[in-house]
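Report on the following structure.
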Amino acid sequence: MWKKMFMAALMCSAATAAQAQEELNMGAVVTLSGPGAAWGQGMLYAEQMAAEDVNKDGGLEVGGKKYKINVTAYDDKYKANEAVTAANRIVFEDGVKYIIGTTGSAPALAIQPITEKNGVIIMMLAFTDKALSPDKPYSFRPVLTTVETATPMIKWLAQEKGVKRVGGLFVNDESGQQQHEWLSKAYEAAGIPLHATESFERDRVDMVPLITRLMAQNIDAIDLNGISPSTAGLIAKQAREMGFTGLLVRSGGPATEEIVNVAGAETVEGMLVYTQIDPSNEEVAAYAKRYQDTYGKAMNGFSPSFYDGTHMLFQAMQDAGTVTDVDKVRVALENIKDYDGILGTLNWTGKDTYGIDHQIDAPFFVSEVKDGKEVIRAKCTVDSCQ
Amino acid sequence: MKEETTIAAPAGSGADIEAAGGMGPLRWLALIVFAGIVAVPLFMTSPFYIHLAVLVCLNVTIASGLLMLSRTGQLSLCQAAFVGVGAYVSVLTGTHFAFPFLLSALLGAAASALVAFLLGAAILRLRGVYFVLITFAFGELFRLAMLQAAPITGGANGIAGIPSASIFGFDFDTRKAFYCLAAAVALASLAFLLALFRTAKGHAIDAAGQNPNLAEATGISVRNTQLFAFTVGSGFAGLTGALLASYVGYISPESFNTSVSIGVVIMLVVGGRNSVLGPLIGSFIMTPLPELFRGAVQSQNIFYGVALILILRFLPQGIAGLRLFRRIEGEQV
Amino acid sequence: MNLQFLLGQALTNGLVIGLLYLLMAIGFTLVFGVMRIANFAHGEFYMLGAFVAFITVKWLGLPYIASVLAAFALALVLGWLIEVVVLKPFRGDELNGLIATLGLGMIIQNLALISFGPDPQSMPATVTGVFKMGSIVVPLSRLYVVAFSAAVLALLWFFLMHTRSGRALRAVVEDIEIARAQGIHAHIVYPLGFGLGVALAATAGALMAPVFSVSPFIGATPLFKAFIVVVLGGLGSIPGAALASLLLGLAESLGSTFFDGSTADMMIFVLVILVLVIRPSGLLGRAEN
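Set out below in structure tokens:
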């Protein structure tokens with residue numbers, strides 16, 4: 005008798021368990037402390053808000069089941085070794101198969117041996133071209149890098165603005181050296197090779213000697229691509245103080261708000277910037293407001309890309325009809341075409357550059373800074389700007 | 050094997066050795082517990098915990114190197130740079146000249162020792178704090194140099210795809226296999242320390258640390274003793290660098306910056322700066338500790354800062370200075 | 537034209553940067569002279585000074601000069617308290633004191649990080665416009681810094697030379713043995729030395745805040761430069777620090793104008809090692825053992 009009741013109870017509870025909500029653990033290995041924290045937070049918050057979107061409707065529906073999304077986040081402190089430990093933990097301890105991260109290039113290259121070997125999908129910010137390659141089928145990059153944005157924008161600059169002698173400033177670190185290489189190519193391609201370049205240490209704050217050197221070579225524009233927003237602002241400020249009257253350009257990396265913050269609106273009046281966000285795009289404006297309301301911080305410029313990226317990942321799971329078979333999800337993700345994200349129509353590209361179509365292709369714009377705000381001057385695709 | 054060496058050389062710190070030669074029951078118990086702890090990772094299934102165990106072993110070796118210098122009364126804030134020198138030299142000789150791992154790892158250790166010797170020869174004649182400041186600056190310089198030498202070192206992009214360690218045809222390509230290697234090196238470094246502090250050189254190290262003027266008066270060259278400790282200790286760091294590079298498979302200048310060096314100092318302060326047990330205890334506590342804070346971030350450094358000051362104030366000999374550990378080490382309490 | 541422009545520009549800029557280093561280094565050497573502690577938290581007080589200036593000017597709307605005074609006063613009080621509460625047991629203990637300040641620096645930096653967030657912020661320039669002399673251009677905001685630093689240094693000089701506690705402090709810095717023999721008022725001299733030292737760092741931070749940006753991480757570079765300066769000039773030597781800061785400022789500025797920034801940094805390190813090999817006690821330091 006007791007035995008029977010016990011069995012019944014057991015079967016009963018098993019049945020409820022089947023009906024109860026399934027859970028899907030996703031992860032973030034991003035920079036949450038130190039100077040890179042603003043970017044890492046932007047990535048993590050994007051993932052959390054995307055998860056909130058589907059959880060609000062009772063979870064993500066995949067293959068007839070509803071999955072509640074949990075997000076586990078670990079800090080990599082922008083360091084390769086820390087990222088490896090975090091990746092070990094999130095992959096093996098937490099059993100996570102889908103990771104947003106990493107923020108930096110060195111951490112990305114360091115964790116890929118683990119994620120690729122164990123079939124874990126990562127969506128990273130890392131700008132290095134080495135992070136995408138045919139032998140890394142599980143790595144995706146949902147943001148545009150300099151490689152994608154610089155060439156069309158610089159061609160436009162050369163044609164429309166008659167810029168001839170451009171000086172470039174680069175940080176002596178992983179993204180800086182990368183930017184240097186790619187920008188040099190982009191300027192070559194536009195027919196106006198970089199006239200002068202300078203590199204400096206990341207924590208340098210006195211830019212006057214570098215600007216002096218650039219100005220001594222009679223440059224008519226300075227490209228601030230790939231420099232962290234605050235440093236770019238400092239350079240703009242100090243260049244104007246030195247009496248530099250030429251054009252300020254930023255051909256990659258969303259940062260206008262921070263640059264205006266640091267340099268002041270007057271200083272950067274007329275600066276030409278790459279931007280991924282059309283100010284008239286109401287969806288992004290709503291996202292920015294939600295970001296501000298939820299986390300009490302101004303939205304990081306990269307965040308919408310990861311919001312779209314996470315939603316693309318969700319759709320890939322639904323298309324694949326599974327959350328456990330990562331290979332199927334990966335193929336489904338690759339096959340997503342003309343995804344309608346908040347940033348516009350998104351596709352995968354990159355075969356020519358990286359050998360694999362794991363690089364996002366999103367619309368972007370060239371804007372002019374007017375009174376501290378971006379005003380759109382040209383619409384761009386990875387092919388050209390108009 | 051290594052445990053036997055440890056048994057053969059039971060040693061205490063400095064002058065107490067002769068008095069504490071025997072193997073009391075407490076020390077047998079401690080040894081058994083220790084052997085047990087060393088063996089545990091072999092039976093673990095979670096790669097993450099084995100990974101942590103590997104890191105503990107690597108940190109033990111790095112901290113042991115610094116312990117020698119610390120016992121001479123000096124402190125280096127560029128231990129991570131020497132780990133870096135070892136890592137870069139071993140990786141570059143391995144890839145460019147196809148040297149076997151063992152050879153390139155030893156070259157890495159030798160390179161670190163050589164750099165330390167040259168640096169030490171130049172600046173160890175200066176008064177105490179100068180040395181610390183210069184080592185701090187040297188750590189920065191090393192990072193800069195690795196960034197600048199991009200054609201060789203890959204600059205900030207670092208070097209990826211470093212093959213796993215392989216010695217005499219045996220590949221240490223799984224976490225467990227590598228743990229055995231890292232644990233053997235860590236135990237060997239501890240055994241080296243235990244043996245060293247029984248020799249005249251070891252006594253000279255303690256003498257230089259405890260009272261430099263007295264040491265000079267008794268004919269010990271404080272400078273040469275410190276130079277010896279700095280050189281050998283940096284060699285330890287270099288060897289660890291070679292291991293670390295082959296384990297992680299990726300190196301970049303940021304992995305060897307000053308905050309890592311400060312981390313080693315914290316390990317030593319927490320563990321104990323005058324005891325061979327110090328690096329062991331320090332690494333054992335400080336390596337897994339950040340995992341508690343992996344999700345909740347910014348408060349952790351405040352916690353470390355407070356802990357550092359409190360330990361310096363109330364437990365200047367670190368945890369190894371507690372009565373229990375001093376008895377284990379064989380000092381008469 | 538180019539060479540003249542570059543040279544003139546490099547020299548003036550070097551002078552400005554040299555003065556900043558001087559404020560940092562004098563504070564550092566003062567703390568070391570009194571406490572025998574190399575203060576690794578020194579850069580964090582620079583950062584705190586910058587934040588005080590930022591808050592008083594941008595949030596409270598006070599004039600710039602008031603913000604500099606506020607930074608100085610707050611740092612003096614905070615430094616005094618920290619010395620008495622935290623560092624007292626480490627007086628004269630070179631190694632433990634040094635490690636304790638490492639911990640102190642971590643605490644201060646991360647408290648700032650929690651309070652203000654990681655993003656760099658900017659405060660409005662005190663003055664705009666440039667000063668032109670021939671082809672040389674100096675932003676007025678930097679001339680401001682020069683004037684203020686000079687004023688602060690003059691006041692410090694007056695304090696050290698002509699006041700009672702100043703003289704007592706100087707006696708300790710210059711020769712602790714003699715000062716000990718004559719008796720030190722420990723309860724005043726130690727907290728005053730530390731407080732004044734870090735207040736100078738905070739002043740430097742407040743002065744540079746409108747020129748550079750403000751974030752919890754800005755202390756690292758000035759700290760590093762202060763190390764180089766005091767090693768070069770001789771630990772505990774105020775004239776040595778003065779000479780070395782100006783030399784370093786000029787060398788850096790010239791170096792990064794005629795080579796590039798990173799090369800200049802490495803050359804300076806090699807230079808410092810060479811100086812130490814030739815003159816182990818620094819340029820103007822006294823030989824000690």
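Protein chains in written order, with our numbering: chain A, 5 to 390; chain B, 50 to 382; chain C, 537 to 825.
A virtual CB, placed ideally from N, CA and C, is assigned to each residue, including glycine.
{"Item": "Anticipated Cβ contact below 8 angstroms, B:I208 with B:Y353, distance rounded", "Value": "Not really, about 30 angstroms apart at Cβ, beyond 8 angstroms."}
{"Item": "Local conformation of B:F221 per DSSP, three classes", "Value": "coil"}
{"Item": "Members of the stretch 211-243 of chain B near chain A, C-beta cut-off 7 angstroms", "Value": "none"}
{"Item": "From A:E164, A:F131 and A:V333, residue whose alpha carbon lies closest to that of A:L148", "Value": "A:F131"}
{"Item": "Closer than 9 angstroms to chain A by CB, C:P656", "Value": "yes"}
{"Item": "C-beta neighbour in chain B for A:F204, strict 9 angstroms", "Value": "no"}
{"Item": "Where C:F576 falls: helix, strand or coil (DSSP)", "Value": "coil"}
{"Item": "8 angstroms Cβ cut-off: residues of chain C touching B:L124", "Value": "L631, L634 and I635"}
{"Item": "From A:T119, A:G172 and A:T349, residue whose alpha carbon lies closest to that of A:M316", "Value": "A:T349"}
{"Item": "Burial state of A:Q183, where buried means 16 or more other Cβ atoms lie within 10 Å", "Value": "buried"}
{"Item": "For A:R254: DSSP bridge partner residues", "Value": "A:V277"}
{"Item": "Any alpha helix (DSSP H) of 4 or more consecutive residues that is wholly inside the stretch 239-291 of chain B", "Value": "249-259 and 261-266"}
{"Item": "Residues bridged to A:M127 (per DSSP)", "Value": "A:I104 and A:F144"}
{"Item": "Within chain B, the residues that C:I764 reaches when beta carbons sit closer than 7 angstroms", "Value": "A186"}
{"Item": "Any chain B beta carbon closer than 9 angstroms to C:D711", "Value": "no"}
{"Item": "Identity of the residue in B:V325, B:R376 and B:I334 nearest B:L239 by Cα", "Value": "B:V325"}
{"Item": "Status (buried if at least 16 other CB within 10 Å, exposed otherwise) for A:E286", "Value": "exposed"}
{"Item": "C:F568 at chain B interface by Cβ criterion, 9 angstroms", "Value": "yes"}
{"Item": "Contact list for A:D210 against chain C, beta-carbon separation under 8 angstroms", "Value": "N549, I553 and F748"}
{"Item": "Segment contact, 8 angstroms Cβ cut-off, at least three pairs: the stretch 156-173 of chain A with the stretch 221-233 of chain A", "Value": "yes"}
{"Item": "Per DSSP, the bridge partner or partners of C:F684", "Value": "Partner(s): none; C:F684 has no beta bridge."}
{"Item": "Cβ-based contacts, 9 angstroms cut-off: residues of the stretch 211-239 of chain A near chain B", "Value": "none"}
{"Item": "Residue ranges of each beta strand (DSSP E) within the stretch 626-673 of chain C, 3 or longer", "Value": "666-669"}
{"Item": "Interface flag, A:N74 vs chain B, CB-CB below 9 angstroms", "Value": "no"}
{"Item": "Within-9 angstroms CB hit, A:Q242 to chain E", "Value": "Among the protein chains in the structure shown, which are A, B and C, there is no chain E."}
{"Item": "Assumed close pair C:V709, C:G569 - CB separation to whole angstroms, cut-off 8 angstroms", "Value": "3 angstroms"}
{"Item": "B:G331 to B:F83 span [Cα, whole Å]", "Value": "15 angstroms"}
{"Item": "Neighbourhood of A:Q25 by C-beta, 8 angstroms cutoff - its chain only, sequence neighbours within 5 removed", "Value": "G62, G63, K70, Y71 and K72"}
{"Item": "Check: C:L820 C-beta below 8 angstroms from any heavy atom of the ligand COA", "Value": "Among the components of this structure there are no ligands whatsoever, and the ligand COA is therefore not found."}
{"Item": "Identified DSSP bridge partners for A:V175", "Value": "A:F204"}
{"Item": "Selected residue, minimal CA-CA separation from B:S270, among B:F342, B:V89 and B:R174", "Value": "B:R174"}
{"Item": "Within chain B, partners of C:M802 - CB distance below 8 angstroms", "Value": "L190, L193, A194 and Q197"}
{"Item": "Contact belief for A:T106 with A:M128 at Cβ below 8 angstroms, rounded distance in angstroms", "Value": "5 angstroms"}
{"Item": "9 angstroms Cβ cutoff, A:Q182 in contact with chain B", "Value": "yes"}
{"Item": "A:W352, enclosing beta strand (DSSP E) - first and last residue", "Value": "G348 to T353"}
{"Item": "Cβ neighbour criterion (16 or more within 10 Å) applied to C:M697", "Value": "exposed"}
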